[in-house]
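*Asks:* The sequence shown lines up with residues 848 to 1575 when you count with the numbering used here.
Glycine is no exception: its CB is placed at the ideal position from the N, C-alpha and C atoms.
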Amino acid sequence: MLKCRAVWRKLAPLARSASTQCRHNVKTALNNGRRQAFVPATHMSTGPAGGGGSENTLYVVLVGAACLGGGAYAYMTVRGDSKRYEERISELASRSAKEAPESQPPVAPEPEEAAPTSEESAPVAELSGETESASAEEPVTEVPAEPAAPVVEEELPAPSELEATHSEPPPAPLESAEEPVTETPPEAAEQAAPVLAEAEPVAEVPPEAVEEAPPVVEEEAPTEPAVTSLPESAPAPEPVSAPLTLPSHAPYLLIGGGTASFAAARSIRARDPGAKVLIVTDEPNLPYMRPPLSKELWFSDDPSVTETLRFKQWNGKERSIYFQPSSFYVKPEELTSAENGGVAVLTGKKVIQMDVRGNKVKLDDDTEISYDKCLIGTGGVPRNLQVIEKAGDEVMNRTTLFRKIEDFKSLDNVSRNVKSITIIGGGFLGSELACALGRRSSETGLEVIQMFPEKGNMGKVLPEYLSNWTTEKVKKEGVRIVPEALVKSVAFKEDKLEILLKDGRQVKTDHIVAAVGLEPNVDLAKSAGLEVDSDFGGYRVNAELQARSNIWVAGDAACFYDIRLGRRRVEHHDHAVVSGRLAGENMTGANKPYWHQSMFWSDLGPDVGYEAIGIVDSSLPTVGVFAKATSKDTPKAATEQSGTGIRSESETEATAVTPVASSTPAPVMEHKDEYGKGVIFYLRDKVVVGIILWNVFNRMPIARKIIKDGEEHADLNEVAKLFNIHED
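(1) Buried or exposed: which applies to Ser813, given that a residue is buried once 16 or more other Cβ atoms fall within 10 Å of its Cβ?
(2) Determine the direct distance from the alpha carbon of Gly1277 to that of Val1334, and round the result to whole angstroms.
(3) Between Gly1523 and Asn1542, which are expected to be in contact by the criterion C-beta below 8 Å, what is the C-beta distance as a whole number of angstroms?
(4) Going along the chain, which residues of its own chain have a beta-carbon closer than 6 Å to the beta-carbon of Tyr1218, five neighbours each way excluded?
(5) Looking at C-alpha atoms only, which residue of Ile1223, Arg1411, Glu1165, Ser1267 is the closest neighbour of Trp1399?
(6) How far does the alpha helix (DSSP H) with Trp1316 in it extend, from its first residue to its last?
(7) Please report the distance separating the alpha-carbon of His1419 from that of Tyr1457.
(8) Mind the definition here: the stretch 1523-1535 touches the stretch 1468-1475 only if three or more C-beta pairs lie below 8 Å; say whether that holds.
(9) Is the distance from the Cβ of Ala1423 to the Cβ of Phe1407 below 8 Å?
(10) What are the boundary residues of the alpha helix (DSSP H) that Leu1235 is part of?
(11) Which same chain residues, not among the five before or five after Ser1374, have their C-beta less than 7 Å away from its C-beta?
(12) Ignore the nearest five residues each way along the sequence and tell me which others in Gly1105's own chain have a CB closer than 7 Å to its CB.
(13) If Leu1451 sits next to Cys1221, beta carbons under 8 Å apart, how far is it from one beta carbon to the other, in whole angstroms?
(14) Hey, could you find the ends of the alpha helix (DSSP H) Arg1427 is sitting in?
(15) What first and last residue would you give for the alpha helix (DSSP H) that runs through Pro1548?
(16) My guess is that Leu1258 and Thr1247 are in contact by the Cβ rule of under 8 Å, so how many angstroms apart are they, rounded?
(17) In this structure, how does DSSP classify Ser1396 when only helix, strand and coil are distinguished?
(18) With a threshold of 6 Å on Cβ separation, who are the neighbours of Val1425 within its own chain once the five nearest residues in sequence on each side are excluded?
(19) What distance in whole Å lies between the Cβ atoms of Phe1255 and Leu1144, which are believed to be in contact at a cut-off of 8 Å?
(20) According to DSSP, which residues form a beta bridge with Leu1280?
(21) What is the DSSP secondary structure of Leu1133, counted as helix, strand or coil?
(22) Measure the beta-carbon distance from Val1177 to Gly1189 and round it to whole angstroms, keeping in mind my assumption that it falls under 8 Å.
(23) If I follow the unbroken alpha helix (DSSP H) through Lys1256, where does it start and stop?
(24) Which whole-angstrom value describes the C-beta separation of Val1329 and Asn1304, a residue pair presumed to lie in contact below a C-beta threshold of 8 Å?
(25) Look up Tyr1522 in the DSSP assignment and say whether it is helix, strand or coil.
(26) Per DSSP, Thr1247 is paired with what?
(27) Would you please state the rounded distance, in angstroms, between the beta carbons of Ala1405 and Val1388? I believe it to be under 8 Å.
(28) By how many angstroms is the C-alpha of Arg1157 removed from the C-alpha of Gln1171?
(29) Which class does Met1201 belong to by DSSP, given the choice of helix, strand or coil?
(30) Could you pull out every residue in the same chain whose Cβ sits closer than 8 Å to the Cβ of Ser1289, ignoring the five residues on either side in sequence?
(31) If you compare alpha carbons, which of Asp1129, Ala1112, Thr1128 is closest to Gly1121?
(32) State buried or exposed for Ala919, treating a residue as buried only when at least 16 other CB atoms are found within 10 Å of its CB.
(33) From this set, Arg1546, Arg1137, Lys1555, which residue's C-alpha is nearest Asp1568's C-alpha?
(34) Taking all protein chains shown into account, decide if Phe1175 is buried (16 or more other Cβ within 10 angstroms of its Cβ) or exposed.
(35) Identify the continuous alpha helix (DSSP H) that holds Leu1563 and give its terminal residues.
(36) What whole-angstrom Cβ distance do Leu806 and Val1566 have, given they're in contact under 8 Å?
Here it is as structure tokens:
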């Protein structure tokens, strides 16, 4: 039967050609004969009427005989094949029903001139979610308008029989031999479609069908693995999950996963509820707040705090370090199709190149993402001392640059397994970590050392008298202070780190925490052609935080123009919140300048804290007004009143109105030994440019209003009354 089939495939085109030629010749001869029989002789110019009749008659006889012979041969061949095919079907039908699902579904042959068959198109339409009507239209459009088509439909076996055999359908009559499968009924094609996904006997699939079969099988493989095609001894294959499909375009692209980017995303969604925002971060974590890493997390009683990253605020309320849970975000691969938009976070990916003209970025895995609006919120990287970097791997392996969640976890583990930790740096971060680890030293016997080049803690920010008071406060927390320390070299000897100072002093320790500042991350400046400020560092932007027509910068990496204080760069949590919010508004068309002064704060434990705004530099002239503190004048009491440990979140711009001063006299307590609470004014050209509220909380809008007004004040004692620091 197979040989007959092969011969038939070769002879079919010739038979069709002969049949077509025969029909054409017969029609021509008959027409010529008719015309000659009825044309009057008077119309002819020469020759007898109906000339050449004998030759035409002979030609008709010969053509008729050939047609009859060909038709008889075709009829006998088709009848014989049909009989053998029916016998084969009967034989297969008698087999057990168990073998039927394991057999190969029929694969339609693809003749040279044939279009894609209905049996191939039906499974694809089924898997892609098309409607039944769409699937049914395919075979209809491909059926040739030949009278013999219904014959093949009647001879096709049932779908169950198609599944039980690897053989192909018998050839159709001459006119329909080109498309033997196109006449398959739509319902048969729909029932046969799922079979392609259930069995994969690749060895018997024709080569032309193999090219199209894999994509269809792969779509169904995860739900129904083709185990039947494997040997019994082979294990079942694991379902292969589809690779992560990243969005190729994001209307709002935010580079960096810190506070600034999250604040911008929240602002964008507030002004454009259907916005689609994509955050790309090289960290493995969702956006989180950094202040608790050096504050509240260290005071937690939960032994699993490094895993849960939940902490109790000074007011006793518990919260997570993350801004929002994972359920708040849209999956990156679903962002494009999200009907109502959303915020997606692509973690563990770093943007290494920006094409400003093409409005697209390139990731470290060569993925390209285009954008309409872009925000750079890359923050900064911790600085290190050159003497440590040059000391070798042994020293570097015992040094922590504190910035991320991983750094907190690492330092927490180190503090429980070493005897001595030295913190280099007397700024906000260094002093906070010193107090936090100092509290732990009383329980574990850990030696905590803090060294800095200034005379006292926070020497670059606080006036000298207040810096000295702060230093004493840190000492009471169990910290050994080494002031005026300039590190000359660091070496690893006898399983200890030896820190040699320039004045000859030597400190031995097990671990070093370098808290010496932050370097703004401007890696994208070169590829993007963005300007970096030579004085302050960071991307240089205008008052609207705009670096280019569709690029904004916020947070630590932004060197912005403050309309009141001039060009600045700020490295604090609240600035990231304020600048990120403003950038998000401007990305949606607000065009607002940076006028809202951000604040920053630091807590030296639950009893001493301060909030600051503007330019606070100890090199500027200062005026301090202090008063006696009460039990309400502590960070713990402040959070109980505001309900949040991140105090900048309780600040509002609307409350910055002209306050009413207290009528209580304002005794000046400058340079006294006790500084319970007070206000420190920083002056430039007799104008207040910075304010520190020492153990005075929830008064920041007043300080913001004073700096915004930019007026000279003859008596700052009267200005201090605005903060009501003398009221109990």
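*Replies:* By the coordinates alone:
(1) Since the first and last residues shown for the chain are 848 and 1575, residue 813 lies out of range.
(2) As a position in the sequence shown, residue 1334 is number 487, starting the count at 1. As a position in the sequence shown, residue 1277 is number 430, starting the count at 1. The straight-line gap from Cα to Cα measures roughly 16 Å.
(3) Within the sequence shown, the letter at position 676 stands for residue 1523. Within the sequence shown, the letter at position 695 stands for residue 1542. Right, their Cβ atoms sit about 7 Å apart.
(4) In the sequence shown, the residue the question calls residue 1218 occupies position 371. So the qualifying residues of the chain are Ala1097, Leu1100, Asn1206.
(5) As a first step, residue 1399 is located in the sequence shown; it is residue number 552 there, counting from the start. Trp1399 has its Cα closest to that of Ile1223, out of Ile1223, Arg1411, Glu1165, Ser1267.
(6) Locating residue 1316 in the sequence shown gives position 469, counting from the first residue. That run of the alpha helix (DSSP H) goes 1311-1323.
(7) Translated into the one-based positions of the sequence shown, residue 1419 becomes position 572. Translated into the one-based positions of the sequence shown, residue 1457 becomes position 610. Straight-line Cα distance between these residues: approximately 14 Å.
(8) yes
(9) Start at 1 with the first residue of the sequence shown, and residue 1423 comes out as number 576. Start at 1 with the first residue of the sequence shown, and residue 1407 comes out as number 560. Going by C-beta atoms, Ala1423 is not nearer than 8 Å to Phe1407.
(10) Within the sequence shown, numbered from 1, the residue matching residue 1235 stands at position 388. The question names Leu, yet the displayed sequence has Ile at residue 1235. Secondary structure note for Ile1235: its alpha helix (DSSP H) is the uninterrupted segment 1233-1236.
(11) Here residue 1374 corresponds to residue number 527 of the sequence shown, with the count starting at 1. Excluding sequence neighbours, Ser1374 sits near Gln1200, Met1201.
(12) Translated into positions along the sequence shown, residue 1105 becomes position 258. Closer than 7 Å at Cβ, skipping near neighbours: Pro1134, Gly1224, Gly1226, Gly1402, Ala1423.
(13) In the sequence shown, the residue the question calls residue 1451 occupies position 604. In the sequence shown, the residue the question calls residue 1221 occupies position 374. With a Cβ gap of about 39 Å, Leu1451 and Cys1221 do not count as contacting.
(14) Counting from one through the sequence shown, the residue named residue 1427 turns up at place 580. Per the sequence shown, the amino acid found at residue 1427 is Gly instead of Arg. 1420-1434 is the extent of the alpha helix (DSSP H) around Gly1427.
(15) On the sequence shown, residue 1548 is found 701 positions in, with the first residue counted as 1. From DSSP, the alpha helix (DSSP H) with Pro1548 extends over 1547-1556.
(16) Position 411 of the sequence shown, counted from the start, is the residue given in the question as residue 1258. Position 400 of the sequence shown, counted from the start, is the residue given in the question as residue 1247. With 8 Å as the limit, Leu1258 and Thr1247 qualify as a contact, their Cβ atoms being about 5 Å apart.
(17) In the sequence shown, the residue the question calls residue 1396 occupies position 549. Ser1396: coil per DSSP, three-state reduction.
(18) Translated into positions along the sequence shown, residue 1425 becomes position 578. Answer for Val1425: His1443, Ser1445, listed in chain order.
(19) Taking the sequence shown and counting its residues from 1, the one referred to as residue 1144 is at position 297. Taking the sequence shown and counting its residues from 1, the one referred to as residue 1255 is at position 408. Going by Cβ atoms, the distance from Leu1144 to Phe1255 rounds to 6 Å, so yes, they are a contact pair.
(20) Locating residue 1280 in the sequence shown gives position 433, counting from the first residue. Looking at the DSSP assignment, Leu1280 forms no beta bridge with any residue, so it has no partner.
(21) Mapped onto the sequence shown, residue 1133 falls at position 286. DSSP places Leu1133 in coil when its eight states are reduced to three.
(22) Position 330 of the sequence shown, counted from the first residue, corresponds to residue 1177. Position 342 of the sequence shown, counted from the first residue, corresponds to residue 1189. Indeed they touch by this definition, with Cβ atoms about 4 Å apart.
(23) Taking the sequence shown and counting its residues from 1, one reaches residue 1256 at position 409. 1252-1262 is the span of the alpha helix (DSSP H), which, as asked, contains Lys1256.
(24) Taking the sequence shown and counting its residues from 1, one reaches residue 1329 at position 482. Taking the sequence shown and counting its residues from 1, one reaches residue 1304 at position 457. About 12 Å separates the two Cβ atoms, so there is no contact after all.
(25) Here the question's residue 1522 lines up with position 675 in the sequence shown. Tyr1522: coil per DSSP, three-state reduction.
(26) The residue given as residue 1247 occupies position 400 in the sequence shown. In DSSP, Thr1247 forms a bridge with Val1360.
(27) By one-based count along the sequence shown, residue 1405 stands at place 558. By one-based count along the sequence shown, residue 1388 stands at place 541. Between the beta-carbon of Ala1405 and that of Val1388 there is about 6 Å, and that keeps the pair under the 8 Å contact cut.
(28) By 1-based counting over the sequence shown, the position of residue 1171 is 324. By 1-based counting over the sequence shown, the position of residue 1157 is 310. Cα-Cα distance, rounded: 13 Å.
(29) Within the sequence shown, residue 1201 is the residue found at index 354, counting from 1. Residue state, collapsed to three classes: strand.
(30) Working through the sequence shown from its first residue, we reach residue 1289 at position 442. Only Gly1325 meet the Cβ criterion.
(31) Stepping through the sequence shown from its first residue, residue 1121 is reached at position 274. That would be Ala1112, whose Cα lies nearest to the Cα of Gly1121.
(32) Numbered from its first residue, the sequence shown carries residue 919 at position 72. The residue in question, Ala919, is exposed, as its Cβ has fewer than 16 Cβ neighbours within 10 Å.
(33) The residue given as residue 1568 occupies position 721 in the sequence shown. As written in the sequence, residue 1568 is Lys, which differs from the Asp given in the question. The residue with the shortest Cα to Cα distance from Lys1568 is Arg1546.
(34) Numbered from its first residue, the sequence shown carries residue 1175 at position 328. The Cβ neighbour count for Phe1175, taken over all protein chains shown within 10 Å, is under 16; the residue is labelled exposed.
(35) Here residue 1563 refers to the residue found at position 716 when the sequence shown is read from its first residue. That run of the alpha helix (DSSP H) goes 1563-1567.
(36) No answer is possible for residue 806: it lies beyond the span of the chain, which begins at 848 and ends at 1575.
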